[in-house]
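**Q** Handing you this structure, nothing more for now.
Protein chains: 2
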Amino acid sequence: MVYFREKVVKRLDKTRLRDAILNAKERNAALVIKNANIVNVFTEEIVFGDVAIRNGMILGVGSYSGKEEIDAEGAFLCPGLIDGHVHIESSMAHPSRFADCILQQGTTSIIADPHEIANVCGADGIQYMLDQSEWLPLNVYMMIPSCVPCTSFETSGAKLVAKDMEQFLSHPRVLGLGEVMDSFAVTSGDGEMLDKLQLFADRPIDGHIPLLSGDLLNAYCMAGPQTDHECCNFDEVKEKLGDGIHIHLRLGSACRGVEEIMRQIADSKLPTRRMLFCTDDKHLENIREEGHINYILRRAVANGIPAMQAVQMATINAAETYRLPRVGAIAPGYRADLVLFDNLTDFNAKLVVAGGKVFAREKDKLIKPDPVIYNSVHLAPRKPDCLCLRVTGDMPIINAVQDELLTTLSIEPVQSRDGLFVPDGGLLKLAVLERHHDSGHIGLGIMRGFTLKDGAVATTVGHDSHNLVVAGDNDADMLRAIDLLEECGGGFVIVSRGETLARLPLPVAGLMSDAPLDDIIAAQQNLLTSLRSIGDWQGSDPFIWLSFVALPVLPDVRLTDMGVFDVRKMEFMK
Amino acid sequence: MVYFREKVVKRLDKTRLRDAILNAKERNAALVIKNANIVNVFTEEIVFGDVAIRNGMILGVGSYSGKEEIDAEGAFLCPGLIDGHVHIESSMAHPSRFADCILQQGTTSIIADPHEIANVCGADGIQYMLDQSEWLPLNVYMMIPSCVPCTSFETSGAKLVAKDMEQFLSHPRVLGLGEVMDSFAVTSGDGEMLDKLQLFADRPIDGHIPLLSGDLLNAYCMAGPQTDHECCNFDEVKEKLGDGIHIHLRLGSACRGVEEIMRQIADSKLPTRRMLFCTDDKHLENIREEGHINYILRRAVANGIPAMQAVQMATINAAETYRLPRVGAIAPGYRADLVLFDNLTDFNAKLVVAGGKVFAREKDKLIKPDPVIYNSVHLAPRKPDCLCLRVTGDMPIINAVQDELLTTLSIEPVQSRDGLFVPDGGLLKLAVLERHHDSGHIGLGIMRGFTLKDGAVATTVGHDSHNLVVAGDNDADMLRAIDLLEECGGGFVIVSRGETLARLPLPVAGLMSDAPLDDIIAAQQNLLTSLRSIGDWQGSDPFIWLSFVALPVLPDVRLTDMGVFDVRKMEFMK
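Protein sequences, first through last, are from chains U and V.
For reference, each letter of the first sequence is one residue, going 1352 to 1925 in our numbering.
For reference, each letter of the second sequence is one residue, going 1352 to 1925 in our numbering.
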């Protein structure tokens, strides 16, 4: 777990500012990183020298001596990395656990969107995330979720209108409006949506517009959003960039098509100054395994983007997009957030400095996380036949697309017994249960994408309303999985023939665990191993896919607690 | 004179926003610029096509038809140009006259610093400039002057502390804090200066730091200013850029050394994304003759900077530096500020669109300027011997440096009669009279830089306190020149042997004229012709030099109403 330092300082008070000015003038360094190859993202040069630090700020670059000195031995010193768009909740770790995990990789600032917890707990959830990140060594900036609920085609735990958001405008770490997913509401001029856009008109506003193009894209741009992290191909990147949109290249646990886009950016020499990196959703074990923003850097360079441009994308470009003061560069007056890399190809972090303190060595100052949101799972009692799905001719099938969150819709004949669907031939039953208001709403559907034999998998992480999603080949195991999640306040569970194969409790809003990182990762690995013992799949992790199958803004077809939803037509299927 | 349109809209209200969104979606254009080579500053491509406009905004780029169509015939359509730092007062024209002059050249937005009028009239002067620019087709953004007075080594008309500035923070066109010239106050941690920097800590803050370098530059950066427009050479540009400072390349009426800097930027391929253009101070006749920001574009390209980069510097780079929303690019949702150029070498403006209206054709909608500040010249009565300068050995001489505002100091023997200085051998007498508070303060000195024969030249434009500056070779003509300026409320005057050779009255704060552009320019030309008839000089216009000789932040030596000031030592000379 991470140490906690003095409160994150967004603005130096007068006394501290005077100290910092005089310390810079008089070369009074507390910490000096010596003999580094220092990456200057402004001049695009690498300069050999020292970086002097005090008051949590960079005093200067040049030749310095200081109270404490660290010899970089010629390694490459970069500004601390910035994740331009991330849902902490997707890591399933409490913010302090998450900070520990990504600081080790050199990420020192994140633009967090507490969209998930807001859909479960409303404004209280946003305030919870602000409070829980207040004393972290990681700079946690926040965007206020714009789509709670995401659409009117699902039941969320809370609803946020513009008036509910005003309370957050004066918070020093609140930057703007979070990803505006409901592009239909935007381009049709929906009043509630316009109120939110107006409230944040002078601030950064994140977009979320997979495949939007042409006149609809023009209308969306007119409304105010300034970023997009959903581009699926290079042409989409180019059109949106030309329309003034800042492009997030996203490489999280899912959506790995970005590597081809990187290659085409490199080949075409498309300007990258309005491009930045984000993970959006990335699981802890993936971060541990391959890295965080430093992994995206590695892949960008491997795909031909020059290292200097890639570092700019990971640092100053993100800072400029979100208008972050004093962040994203190694220069006097900037926050002393730094990462020392072995080289500019692998980007393995050798040393991380956050807010002027050497991260690894401060680990002993522990404070326990204080997770106060429990009991977010409120399910109505279930009848034994509540998961029965009546077959009335050919049925709509939700087909997973390998390595993508997109789905395709097919209409096919299916197996049935007594008029009820029987999972068979690669098809599974899928159910989404409303879990916030004891309403008893259950949406039922059929999916193809991974297989299960005599079992069920269930989760309360079901973007974006985070209802309970369960898939299985028999109702008994599905019902048992639901019971198990209700019992532990949410999380993930795998059941086979009535037995619990694996479970990861997520008591904080049914989304996050307050357990140590290693325990969370071990539980996740156990989930995957157990799933592999009764199931099969190609490409990325079925848990991620399940967590997005209820999100009615992603093409082509979804299942919510209200039923099977055709995203292209924006209507429920009969 | 310019037409006045509806109030400058910084933020669309809800109804207008909905209209704009739906018009973009439905392709309802009011005005279409057809068949243009459209410069996209984001993708760095030039695309042939049409630009659709309505509600003062760009609806989209592509193939459009509209109510009104203008055929660009393949000419190059750029975003309207942005002057990143300008003192309107230096044009000596009322804001509406100034707007008319620069809109013709394709400049559609300016970051104005009402530093001059604030030094004369205080907060009332700033409010006056905001009011007088409220209804202009030009986007006039303002920075609040930080140095009123500029230093404590001169007497200004007003003093502004942080508390006086708070009233302007909520004005939609006020961006940040104006050029922080008193770098000594900044780097020594002066309390009043820190209060101002703190007040604007989250906003753009302009710097002003000729030749500042090393530890002092680091300390200055720590304090918060983010731009500089005073770089004298390429090394200075490079050091400051590397420290995170946005670099203004300034090309106004004075300070023309920037062309060499442009050549070195082009040769070294130094990144230009944090560079922008400004005029700072440029006279109307120079704007008419050679252009405004389009002239800087022309010179940048002539000096080897690629046209696309140069256009970015003139548009989106400035918008990003000052965080201007929806300005600086041709993209959906951006303000319809556009300029059509013959080519990307000469940058002659063929058509200018400001706020969606074709500029030239709207000229008939006239409103008279409403200049309400008069009578700013308050001089104490003068005795006949008030300009006598006693010689006490070798005397300090203020030497002009050709084409620069810098001066050098020399200590030399001078001619005297009865112990009093007699102008001779290329030396002139120089006097600065306090003109705001009837104090009777007069600073006396000796200068070398231009010659006068039997005459005197005087002005109330004397940066930054705008006291009355007069130079001459005899006291009688100097005294007469002072009387003449007192009589007309300030301006410029040339006297020879008791006769008025030329006069330009500037009744608005002693700085600006409400007369038509042609009249102002004619009077300025008459001033120069008349000065030429009794004097001689090399390089730039002596009026500009005289207007800066009282500014005690420019090296090496100055004359204020308090005496001869050694800028290097920051003290008055004995």
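Idealized CB from N, CA, C, for every residue including glycine.
Would you call the CB atoms of N1569/V and G1679/U closer than 8 Å?
**A** As a working mapping, residue 1569/V is identified with position 218 in the second sequence. As a working mapping, residue 1679/U is identified with position 328 in the first sequence. It is not a contact, given that the beta carbons lie outside the stated cut-off.
**Q** Helix, strand or coil, according to DSSP, for C1498/U in the structure here?
**A** Position 147 of the first sequence, counting from 1, holds the residue named residue 1498/U. Note: C1498/U maps to coil in three-state DSSP.
**Q** Can you give me the C-alpha to C-alpha distance between S1767/V and L1567/V, rounded to a whole angstrom?
**A** For the purposes of this step, residue 1767/V is identified with residue 416 of the second sequence, where counting begins at 1. For the purposes of this step, residue 1567/V is identified with residue 216 of the second sequence, where counting begins at 1. Rounded to the nearest angstrom, the two C-alpha atoms are 42 Å apart.
**Q** Quick check on DSSP: helix, strand or coil for P1446/V?
**A** Here residue 1446/V corresponds to residue number 95 of the second sequence, with the count starting at 1. It is helical.
**Q** Report yes or no: is there a C-beta of chain U within less than 8 Å of the C-beta of M1664/V?
**A** Here residue 1664/V is taken as the residue at index 313 of the second sequence, counted from 1. Taking Cβ atoms only, chain U never reaches closer than 8 Å to M1664/V, which makes this a no.
**Q** If distances are taken between C-alpha atoms only, which option among T1506/U, D1745/U, H1788/U and T1802/U comes closest to L1306/U?
**A** The requested residue 1306/U is not part of the displayed model; chain U covers only 1352 to 1925.
**Q** Put L1717/V into one of helix, strand or coil per three-state DSSP.
**A** Position 366 of the second sequence, counted from the start, is the residue given in the question as residue 1717/V. Because the pLDDT of L1717/V is 40, which lies under 50, any placement of that residue in the model is unreliable, and the number read from its coordinates should be weighed accordingly. Looking at L1717/V - three-state DSSP - the assignment turns out to be strand.
**Q** Can you find the residues in the same chain that come closer than 6 Å, C-beta to C-beta, to V1844/V, ignoring five residues on each side of it along the sequence?
**A** If you number the second sequence from 1, residue 1844/V lands on position 493. Answer for V1844/V: A1809, A1832, L1835, L1836 and R1854, listed in chain order.
**Q** Helix, strand or coil for P1747/U per DSSP?
**A** Taking the first residue of the first sequence as 1, we reach residue 1747/U at position 396. In the structure shown, P1747/U sits in a strand (DSSP, three-state: E or B).
**Q** So what does DSSP say about W1888/V, is it helix, strand or coil?
**A** On the second sequence, residue 1888/V is found 537 positions in, with the first residue counted as 1. Correct three-state label for W1888/V: strand.
**Q** Give a yes or no on contact between the stretch 1439-1458 of chain V and the stretch 1615-1633 of chain V, applying the rule of three or more CB pairs nearer than 8 Å.
**A** As far as the Cβ criterion goes, the stretch 1439-1458 of chain V touches the stretch 1615-1633 of chain V, which means the pair count is three or higher.
**Q** Buried or exposed: where does E1671/U fall if 16 or more other Cβ atoms within 10 Å of its Cβ makes it buried?
**A** One-based indexing of the first sequence puts residue 1671/U at position 320. The residue is buried, with at least 16 neighbouring Cβ atoms inside 10 Å.
**Q** Say whether chain V places a C-beta atom closer than 8 Å to the C-beta of F1393/U.
**A** On the first sequence, position 42 is the one that residue 1393/U refers to. So yes, F1393/U belongs to the interface.
**Q** Flag R1369/V as yes if its beta-carbon sits less than 8 Å from any beta-carbon of chain U, otherwise no.
**A** Stepping through the second sequence from its first residue, residue 1369/V is reached at position 18. Yes, R1369/V counts as interfacial toward chain U.
**Q** Quick check on the DSSP output: the alpha helix (DSSP H) that includes E1377/U runs from which residue to which?
**A** Taking the first residue of the first sequence as 1, we reach residue 1377/U at position 26. Taken as a continuous stretch (DSSP letters only), the alpha helix (DSSP H) holding E1377/U covers K1365 to E1377.
**Q** Anything in chain U within Cβ reach of A1682/V, meaning under 8 Å, just list it in chain order.
**A** In the second sequence, the residue the question calls residue 1682/V occupies position 331. Those within 8 Å of A1682/V in chain U are C1572, G1593, D1594 and G1595.
**Q** Quick check on DSSP: helix, strand or coil for R1686/U?
**A** On the first sequence, position 335 is the one that residue 1686/U refers to. Of the three classes helix, strand and coil, the one that applies to R1686/U here is strand, per DSSP.
**Q** So, with DSSP's three-state summary, where would you put E1636/V?
**A** Reading the second sequence from its first residue, position 285 is the one you call residue 1636/V. In the structure shown, E1636/V sits in a helix (DSSP, three-state: H, G or I).
**Q** Any beta carbon from chain U within less than 8 Å of M1921/V's own beta carbon?
**A** Your numbering for residue 1921/V matches position 570 in the second sequence. With 8 Å as the cut-off, M1921/V does not count as an interface residue toward chain U.
**Q** So P1893/V is in the beta strand (DSSP E); what residue range does that whole segment cover?
**A** As a working mapping, residue 1893/V is identified with position 542 in the second sequence. Looking at the DSSP string, P1893/V is not in any beta strand (DSSP E); the run it does join, the alpha helix (DSSP H), is P1893 to F1899.
**Q** Which runs of the beta strand (DSSP E), 3 residues or longer, sit entirely within the stretch 1464-1510 of chain U?
**A** The stretch 1464-1510 of chain U contains these whole beta strand (DSSP E) runs: 1490-1495.
**Q** When DSSP labels each residue in this structure, what does S1847/U get in the three-state scheme?
**A** Counted from its first residue, the first sequence places residue 1847/U at position 496. DSSP places S1847/U in strand when its eight states are reduced to three.
**Q** Nearest to T1394/V by CA position, among Q1660/V, V1908/V and A1866/V, is which residue?
**A** Counted from its first residue, the second sequence places residue 1394/V at position 43. Of the candidates Q1660/V, V1908/V and A1866/V, the one whose C-alpha sits nearest the C-alpha of T1394/V is Q1660/V.
**Q** Suppose you measure from the CA of L1781/V to the CA of A1751/V; what does that come to, to the nearest Å?
**A** On the second sequence, position 430 is the one that residue 1781/V refers to. On the second sequence, position 400 is the one that residue 1751/V refers to. The straight-line gap from Cα to Cα measures roughly 13 Å.
**Q** Could you tell me the boundaries of the beta strand (DSSP E) in which K1701/U lies?
**A** Translated into the one-based positions of the first sequence, residue 1701/U becomes position 350. It spans A1700 to A1705 - the beta strand (DSSP E) in which K1701/U sits, taken as one unbroken run.
**Q** Starting from E1611/U and walking both ways along the alpha helix (DSSP H), at which residues does that stretch end?
**A** Counting from one through the first sequence, the residue named residue 1611/U turns up at place 260. Residues V1609 to S1619.
**Q** What is the rounded straight-line gap between the Cα of D1579/V and the Cα of P1523/V?
**A** As a working note, residue 1579/V is residue 228 in the second sequence. As a working note, residue 1523/V is residue 172 in the second sequence. Those two C-alpha atoms are separated by around 24 Å.
**Q** State yes or no: is the beta carbon of D1715/U nearer than 8 Å to at least one beta carbon in chain V?
**A** Position 364 of the first sequence, counting from 1, holds the residue named residue 1715/U. The predicted position of D1715/U is uncertain, since its pLDDT is 42 and thus under 50; a value taken from the coordinates is nonetheless stated next. No, its Cβ sits nowhere closer than 8 Å to a Cβ of chain V.
**Q** From which residue to which residue does the alpha helix (DSSP H) around K1547/V run?
**A** Position 196 of the second sequence holds residue 1547/V. Segment G1542 to L1550, the alpha helix (DSSP H) holding K1547/V.
**Q** Am I right that M1480/U and I1468/U are in contact with their C-beta atoms under 8 Å? What's the rounded C-beta distance?
**A** The residue given as residue 1480/U occupies position 129 in the first sequence. The residue given as residue 1468/U occupies position 117 in the first sequence. 6 Å between Cβ atoms; contact.
**Q** Evaluate M1921/V with the Cβ neighbour count: other Cβ atoms within 10 Å of its Cβ, from every protein chain shown; 16 or more gives buried, anything less gives exposed.
**A** Working through the second sequence from its first residue, we reach residue 1921/V at position 570. Exposed.
**Q** Residues of chain V with CB closer than 8 Å to the CB of L1878/U, please, in chain order.
**A** Start at 1 with the first residue of the first sequence, and residue 1878/U comes out as number 527. What L1878/U touches in chain V: nothing, since even the nearest Cβ is about 43 Å away.
**Q** Report yes or no: do the stretch 1577-1595 of chain U and the stretch 1555-1564 of chain U share at least 3 C-beta pairs separated by less than 8 Å?
**A** Touching, yes, given that three or more Cβ pairs across the two stretches are closer than 8 Å.
**Q** How would you call I1797/V, buried or exposed, if buried means at least 16 neighbouring beta carbons within 10 angstroms?
**A** Here residue 1797/V refers to the residue found at position 446 of the second sequence. Buried.
**Q** For D1401/U, does the count of other Cβ atoms within 10 angstroms reach 16, so buried, or fall short, so exposed?
**A** Within the first sequence, residue 1401/U is the residue found at index 50, counting from 1. Classification of D1401/U: buried, given that the 10 Å Cβ count is 16 or more.
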